[in-house]
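J.: Residue numbers (our numbering): 140 to 209.
Glycine included, each C-beta is placed from N, C-alpha and C at the ideal position.
Sharing a structure, written as structure tokens. Questions coming.
Have a look at this one:
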């Protein structure tokens, strides 16, 4: 018998099944798929820009500190 903070196992499975169906329907929608693709592309561009900016910044710091590789 579950305590007051736990769901019965059947209820947990039902909730997992419902969540999975909702997620599948959402991803199957053309509008949502296009929005997801757009967001993932912009995230990739942002990530690439972030890496390039950080590389430039730390390169400048290393040059300004006159740090040499041993």
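(1) List the endpoints of the continuous alpha helix (DSSP H) containing residue 171.
(2) Between residue 204 and residue 194, what straight-line distance do the alpha-carbon atoms span, to the nearest angstrom?
(3) Taking the alpha-carbon positions, what's the residue 198 to residue 192 distance?
T.: Reading from the atomic positions:
(1) Position 32 of the chain shown, counting from 1, holds the residue named residue 171. Looking at the DSSP string, the run of the alpha helix (DSSP H) that includes residue 171 is 169-203.
(2) Your numbering for residue 204 matches position 65 in the chain shown. Your numbering for residue 194 matches position 55 in the chain shown. Taking the straight line joining both Cα atoms gives about 15 Å.
(3) Translated into positions along the chain shown, residue 198 becomes position 59. Translated into positions along the chain shown, residue 192 becomes position 53. Approximately 10 Å, taken between the alpha carbons.
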